[in-house]
Structures are given as structure tokens and as C-alpha cells.
Amino acid sequence: MKLKLNPYFCGLAICSLLLAGCENLDRSRDTANPNVAGKTLALQVCATCHGVDGNSVSPFFPKLAGQQPDYLVDQIKNFRSHQRSDAVGVQHMWGLAKNLTDAQIKEIADYYASQTSERNHVRTNPEEMAQGKAIYDKGLLDKGTPPCIACHGPNGQGMGAFPRLANQHADYIIKQLQVFQDTDDRPGTPMKQVSHPLTSDEMKAVAMYLESFPIEAKSN
């Protein structure tokens, strides 16, 4: 028995197969596709944790809005090459970054750098804020800790490979200081030596100061 194929249904089948192979690149979440723009990945993938505009809600995830693009490029590449091995980075970023191209990484960094960082509305302790400001502006010379302002700028805006800290979540800053101080999961950074003498109270003070950085000092 010879089967006759209906050309209409054959045409539909072929179209369906072709469409299945196509992808809406403007809404793609495929981090393994080099044709997806970095900005698209920022909006469709990164935004899940870091927010559409880079102002993450949860302190578990850092704010990326207004961040230095060179810093973001360096960090994403470090995740991609597994040089940055802190536990949260391994869990969330190794897989996401492993297939990103240099061009996509730069586009992601440029997108978030162009966003405006928003100041958190938190209750502050005047004494703690004063202590944090003193550490940021003058360091702790008796302990050999240099002023944060030297690398991160007078407005906390960062410079090149040194990240923006102004308005960052205090909990995230504290967590990173602890990583620098206690582990080798963030190699190749002077922060291990800088953070080594800091007490928990000093970490908290400078982190709270940075999270509540004066709004008039914001710089993107």
C-alpha cells in the first residue's frame, strides 16, 4: 500500500521544525549562544538576582547599578575561569559565566554601569556611621589598614578595576570582607592584607557607612 502525503501538512511540519530551530534573540536566556546580546542576557538572566536596573533587593546579591565596567568585566571573567571561588560565586556564577564571550561580558558590564545606583533606606547609628566614615576616609594607620578612599574614590564610586561601594548592601560588603580576611577564594587582590586587621565591629561600621553613603555624593 502506497501512502500519499498531504503537501499542506508536510509544509506545516517543515515550518514547525524550522521555527523550533529559531530563537527570539531579543528575549533569549541562552548564555551559551554567542549571538545573544549582553544587554539581553542582563535583562533576561542577570536581572533575576541583581534587578533589571542593577539595584538588587536582596543583600545576598550585590548591586551592580553604576558599578565600574572594568571591575565587572574582571569579575565575570574570573567566574568564567574559576579564579573566583567563593562559595556563592561557585554556586551561582560559574555556570552562568562559563560560556559567555568577551563581547557579551563587556556588554553586560556596560549596561549595568549605565544604570543609576539607588541609596538604601536604612536606620543608622550616628556613632557607627562616624566610625565607618573615619575608616573609609583615614583608614586605621595603627593597624596598617589604608583609607578605603584611596582606591574607591571620595564618593565611593570606585575607579577602574576598583569597585563602586557607595550604596552597596552592608551585608554583602561584610560578607566579602570576611572572604578576603579568612579565605583564599578571592586571589590576586590587595584586599586580603587590607581586611586582615579589621574586627567584626569595624567591618560593620564601614559597611553601614557605605550602604548609607550620602546621597549627594553619588557618582555614576
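Oh and the sequence shown: position 4 is 11 in this note's numbering, straight run, nothing missing.
We treat Cβ as the ideally placed atom computed from N, Cα and C, and that holds for glycine.
Per DSSP, the continuous alpha helix (DSSP H) segment holding Pro-76 begins and ends at 76-87. By the Cβ-count criterion, Ala-212 is buried, with 16 or more other Cβ atoms from all chains shown falling within 10 Å of its own Cβ. Here Pro-66 is not near His-159, since their CB atoms are 7 Å or more apart.
For Asp-60 and Phe-68, the gap between their C-alpha atoms comes out near 13 Å.
Counting along the chain, Gln-98 sits inside the alpha helix (DSSP H) bounded by residues 94-104.
Considering only Pro-204, Ser-219 and Asp-189, the residue with the shortest C-alpha distance to Ala-94 is Asp-189.
With respect to the C-alpha of Arg-193, the residue from Val-52, Ala-72 and Lys-84 having the closest C-alpha is Lys-84. Only exposed fits Arg-34, as fewer than 16 other CB atoms lie within 10 angstroms of its CB. Burial is judged here by how many other beta carbons sit within 10 angstroms of a residue's own beta carbon; Val-43 has at least 16 and is buried. Cβ neighbours of Leu-50 within its own chain (closer than 7 Å, five residues either side excluded): Val-59.
Within the same chain, Cβ atoms closer than 7 Å to the Cβ of Val-201 are found at Thr-152 and Pro-153, the five residues on either side in sequence being excluded.
Residue nearest to Thr-108 within the set Ala-173, Gln-75 and Phe-86 is Phe-86 (criterion: CA-CA distance).
Non-local C-beta neighbours of Arg-36 in its own chain, meaning closer than 7 Å and more than five positions away in sequence, comprise Gln-51 and Val-52, ordered along the chain.
Following the DSSP letters along the chain, one finds Ala-72 in no alpha helix (DSSP H), marked with neither H nor E. In the DSSP assignment, Glu-135 falls within the alpha helix (DSSP H) that extends over 133-145. For Met-166, the beta-bridge partners assigned by DSSP are Phe-169. Closest in alpha carbon position to Asn-106, among Pro-41, Leu-217 and Pro-197, is Pro-41. Under the three-pair Cβ rule at 8 Å, the region 113-130 does not count as touching the region 138-152.
The beta carbon of Gln-111 sits closer than 6 Å to those of Gly-45, all from its chain and outside the five residues before and after it, given in chain order. Gly-163 has its alpha-carbon roughly 19 Å from the corresponding atom of Pro-133.
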